[in-house]
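Shown next, in structure tokens, is the structure this report addresses.
Residue numbers (my numbering): 19 to 549.
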């Protein structure tokens, strides 16, 4: 993915910003700060610049810039109810206000003032019917969207710092000031403590690790193997779990003082903002937003000007991101890495509604398939092909290859038995993958099972090469045109260094060379045919 800063909006009177939230349905942006500041903005695509290019073009003006009056003190939390079109805000005095849209403007709908403690966090259910409000002194309130209290609870001697609903709205996760995460059911009954593995929890006041942010993705997903629950600590440690019972979470260190974290619209990228722990000069380069995969792989780091970044929020389609820094709002455009290829005047691509093929997590759709579109750019005909979760695509001449992960039980059973029958597996994690060779209308003409995850793929007129971070597989595929060719299968396991694989034969002539270079667990390779 590629990320770049595109716009900057200054807040009048240099009012410091505390938080920002982007409405995923209507595009409204709520920004809050000191001195009771609460504004709702909406970016307007410039009408004279032609049609919108997927939201990537920098916007030129604001179609809404409304200041909401009501808070007297610093506003610390804002959250949208996308399903019910409402905005909720709270300040350091514990005043909570709910705002509604009426005839193109936002108005106060209801107010709650507990007057005892500051609100530490608010979270709406995925359907927008319930809200959970937590206070720093341990008080918990769960209410309905119409303002009725469902239940209240007081946790004695407990300092709360955050809250999140589970994707199915059955559980509520609370972040505590001592670094622990406690899980309750939706009736307020204690369920369990989360198993925190990224840090060592301590009761000593000098060694307490504070939680910077918790984010539990609740959108629709395809695969149940992707982590969705992110727990970020201020010291840079992050733990991402598949569900509340996950004993093998993804763990990594951002190298930042983590401040905030948010999932994108399909749960494929986690944006974490904070301040770099490494000394930098000038100071304006210390703010950054890091973009991670659900398994903790760093996609991109965005440097952000300013001295204090406080919040980050995604646009609805995850093509833009907003950041609250000092008294400014920064916007960045995002160009994702789409899975696609082109051959025979046909564009082959993974439908965007299917995600990016990197897996997903619990709490989403039970579907485990992707849809690949074969679009002929000349005839304008499209052919759809339903496959297992897609990892990669590549094309050459008359064919393309699709790399998928076998997750359906029946297909996985066939794949494992096939690999065992050919004694061609050293599988340790039980995962199996398939390479599908297809023509321009999506018909599979050849296929192969493998236990090597196809993170990288290349194809020419006779061979498909895939590589994980450690292994390379060269597959000589069959088509009606090349069945007379000798079949050679080469597999190589390498951890670090470079190598050259040669001797692929084509009618007793040297067909070509494949150069593979693996450095720091990243493989780069090329395939070419010799004369």
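From the three backbone atoms N, C-alpha and C, an ideal C-beta is built for every residue, glycine too.
(request) Return yes when the Cβ of residue 196 is within less than 9 Å of the Cβ of residue 158, no when it is not. (result) For the purposes of this step, residue 158 is taken as the residue at position 140 of the chain shown. For the purposes of this step, residue 196 is taken as the residue at position 178 of the chain shown. Here residue 158 is not near residue 196, since their CB atoms are 9 Å or more apart.
(request) Using three-state DSSP, classify residue 29 as helix, strand or coil. (result) By one-based count along the chain shown, residue 29 stands at place 11. Residue state, collapsed to three classes: coil.
(request) Note down the Cα distance separating residue 465 from residue 421, rounded to an integer number of angstroms. (result) For the purposes of this step, residue 465 is identified with residue 447 of the chain shown, where counting begins at 1. For the purposes of this step, residue 421 is identified with residue 403 of the chain shown, where counting begins at 1. Distance between the alpha carbons of residue 465 and residue 421: 10 Å.
(request) Starting from the Cα of residue 324, find the closest Cα among 27, 459, 212, 409 and give me that residue. (result) Position 306 of the chain shown, counted from the start, is the residue given in the question as residue 324. Minimum Cα distance to residue 324 is reached at 27.
(message) So, under 8 Å CB-CB, residue 460 and residue 367 are touching, yes? Tell me the CB distance rounded to an integer number of Å.
(response) In the chain shown, residue 460 corresponds to position 442, counting from 1. In the chain shown, residue 367 corresponds to position 349, counting from 1. Under the criterion of beta carbons closer than 8 Å, residue 460 and residue 367 do not qualify as touching, at roughly 12 Å.
(request) Using three-state DSSP, classify residue 521 as helix, strand or coil. (result) Here residue 521 corresponds to residue number 503 of the chain shown, with the count starting at 1. Here residue 521 scores only 34 on pLDDT, less than 50, and its place in the model should not be relied on; the value that follows carries that caveat. In this structure, residue 521 counts as strand in the three-state DSSP scheme.
(request) Return the CA-CA distance between residue 430 and residue 450, expressed in angstroms with no decimal places. (result) Taking the chain shown and counting its residues from 1, the one referred to as residue 430 is at position 412. Taking the chain shown and counting its residues from 1, the one referred to as residue 450 is at position 432. Each residue's CA atom was taken as its position, placing residue 430 and residue 450 some 7 Å apart.
(request) Could you check what DSSP says for residue 171 in three-state terms: helix, strand or coil? (result) On the chain shown, position 153 is the one that residue 171 refers to. The answer is strand: DSSP assigns residue 171 an E or B state.
(request) Could you tell me if the beta carbon of residue 287 falls within a distance shorter than 8 Å of some heavy atom in the ligand NAP? (result) The ligand NAP is absent from the structure shown, which contains no ligand whatsoever.
(request) Tell me whether residue 491 is buried or exposed, calling it buried when 16 or more other Cβ atoms sit within 10 Å of its Cβ. (result) In the chain shown, counting from the first residue as 1, residue 491 sits at position 473. When all chains shown are included, residue 491 counts as buried.
(request) Could you tell me the distance, in whole angstroms, from the CA atom of residue 243 to the CA atom of residue 407? (result) Mapped onto the chain shown, residue 243 falls at position 225. Mapped onto the chain shown, residue 407 falls at position 389. Separation of residue 243 and residue 407 (C-alpha to C-alpha, rounded to the nearest whole angstrom) is 11 Å.
(request) State the DSSP-derived secondary structure class of residue 350, mapped to helix, strand or coil. (result) Residue numbering aside, residue 350 sits at position 332 when the chain shown is read from its first letter. In the three-state reduction of the DSSP assignment, residue 350 falls in the strand class.
(request) Count the other C-beta atoms from every protein chain shown that fall within 10 angstroms of the C-beta of residue 341, then say buried if there are 16 or more, exposed otherwise. (result) Walking along the chain shown from the start, residue 341 turns up at place 323. Buried, since its Cβ has 16 or more Cβ neighbours within 10 Å.
(request) Taking the CB atoms as reference points, tell me whether residue 229 and residue 202 lie closer together than 9 Å. (result) Position 211 of the chain shown holds residue 229. Position 184 of the chain shown holds residue 202. In terms of Cβ geometry, residue 229 and residue 202 do not form a close pair [threshold 9 Å].
(request) For the beta strand (DSSP E) containing residue 123, list its first residue and its last residue. (result) In the chain shown, counting from the first residue as 1, residue 123 sits at position 105. Taken as a continuous stretch (DSSP letters only), the beta strand (DSSP E) holding residue 123 covers 123-131.
(request) Since I believe residue 334 is in contact with residue 43 (beta carbons under 8 Å), could you give me their beta-carbon distance rounded to a whole number of angstroms? (result) Position 25 of the chain shown, counted from the start, is the residue given in the question as residue 43. Position 316 of the chain shown, counted from the start, is the residue given in the question as residue 334. Between residue 334 and residue 43 the Cβ distance is about 7 Å, and since that is below 8 Å, they are a contact.
(request) Identify every residue that forms a DSSP beta bridge with residue 390. (result) Within the chain shown, the letter at position 372 stands for residue 390. In the DSSP output, where bridge partners are listed per residue, residue 390 has 368, 403.
(message) In this structure, how does DSSP classify residue 428 when only helix, strand and coil are distinguished?
(response) Taking the first residue of the chain shown as position 1, residue 428 is located at position 410. Of the three classes helix, strand and coil, the one that applies to residue 428 here is helix, per DSSP.
(request) Using a threshold of 9 Å, state whether the C-beta atoms of residue 191 and residue 182 are closer than that. (result) Locating residue 191 in the chain shown gives position 173, where the first residue counts as 1. Locating residue 182 in the chain shown gives position 164, where the first residue counts as 1. Judged by beta-carbon spacing, residue 182 lies within the 9 Å limit of residue 191, meaning their Cβ atoms are closer than that value.
(message) Which of the three DSSP states is assigned to residue 458 in this structure?
(response) In the chain shown, residue 458 corresponds to position 440, counting from 1. Residue 458: coil per DSSP, three-state reduction.
(request) Label residue 104 either buried or exposed according to how many other C-beta atoms from any shown protein chain fall within 10 Å of its C-beta, with 16 as the threshold for buried. (result) To locate residue 104, count along the chain shown from 1; it is residue 86. Result: buried.
(message) For a minimum of 3 consecutive residues, which ranges assigned as the beta strand (DSSP E) are wholly contained in the stretch 210-277?
(response) Qualifying beta strand (DSSP E) stretches, in chain order: 229-234, 247-251, 255-259, 268-271.
(message) Nearest by alpha-carbon distance to residue 29: which of 19, 83, 41 is it?
(response) Locating residue 29 in the chain shown gives position 11, counting from the first residue. Selected option, being the one with the closest Cα: 83.
(request) Determine the direct distance from the alpha carbon of residue 397 to that of residue 419, and round the result to whole angstroms. (result) Here residue 419 refers to the residue found at position 401 of the chain shown. Here residue 397 refers to the residue found at position 379 of the chain shown. Distance between the alpha carbons of residue 419 and residue 397: 22 Å.
(message) I'd like the ranges of any beta strand (DSSP E) spanning at least 3 consecutive residues and lying wholly in the stretch 30-63.
(response) Here the runs fully enclosed are 35-40, 46-51, 56-62.
(message) Give me, in chain order, the residues of the same chain whose beta-carbon lies closer than 8 Å to that of residue 273; leave out the 5 immediate sequence neighbours on both sides.
(response) Position 255 of the chain shown, counted from the start, is the residue given in the question as residue 273. Apart from sequence neighbours up to five positions away, the residues of its chain that approach residue 273 with a beta-carbon distance below 8 Å are 254, 294, 295, 296, ordered along the chain.
(request) Out of 187, 184, 178, 150, point me to the one whose CA is closest to residue 170's CA. (result) Looking up residue 170 in the chain shown gives position 152. Relative to residue 170, the option among 187, 184, 178, 150 whose CA is nearest is 150.
(request) Spell out the partners DSSP gives residue 90 in its beta bridges. (result) Mapped onto the chain shown, residue 90 falls at position 72. Beta-bridge pairing by DSSP links residue 90 to no other residue.
(request) Label residue 276 either buried or exposed according to how many other C-beta atoms from any shown protein chain fall within 10 Å of its C-beta, with 16 as the threshold for buried. (result) Along the chain shown, one-based indexing puts residue 276 at 258. Note on residue 276: 16 or more other CB atoms within 10 angstroms of its CB, so buried under the neighbour-count rule.
(message) Relative to the C-alpha of residue 95, which candidate in 399, 485, 359, 330 has its C-alpha closest?
(response) Stepping through the chain shown from its first residue, residue 95 is reached at position 77. That would be 330, whose Cα lies nearest to the Cα of residue 95.
(request) Evaluate residue 489 with the Cβ neighbour count: other Cβ atoms within 10 Å of its Cβ, from every protein chain shown; 16 or more gives buried, anything less gives exposed. (result) Translated into positions along the chain shown, residue 489 becomes position 471. So residue 489 counts as buried.
(message) Suppose contacts are defined by Cβ-Cβ distances below 9 Å. Is residue 232 in contact with residue 246 by that definition?
(response) Reading the chain shown from its first residue, position 214 is the one you call residue 232. Reading the chain shown from its first residue, position 228 is the one you call residue 246. Result no, Cβ atoms of residue 232 and residue 246 do not sit closer than 9 Å.
(request) Starting from residue 338, follow its DSSP beta bridges and name the residues at the other end. (result) Position 320 of the chain shown, counted from the start, is the residue given in the question as residue 338. For residue 338, the pairing in a beta bridge is given by DSSP as 351.
(request) Could you give the DSSP three-state label for residue 80: helix, strand or coil? (result) Counting from one through the chain shown, the residue named residue 80 turns up at place 62. Residue 80: strand per DSSP, three-state reduction.
(request) Round the Cβ separation of residue 41 and residue 51 to the nearest angstrom and send it over; I've been treating them as touching at under 8 Å. (result) As a working mapping, residue 41 is identified with position 23 in the chain shown. As a working mapping, residue 51 is identified with position 33 in the chain shown. Going by Cβ atoms, the distance from residue 41 to residue 51 rounds to 18 Å, so no, they are not a contact pair.
(request) Can you grab the Cα-Cα spacing for the pair residue 499 / residue 327, in whole Å? (result) Taking the first residue of the chain shown as 1, we reach residue 499 at position 481. Taking the first residue of the chain shown as 1, we reach residue 327 at position 309. In a straight line, the C-alpha of residue 499 is about 59 Å away from that of residue 327.
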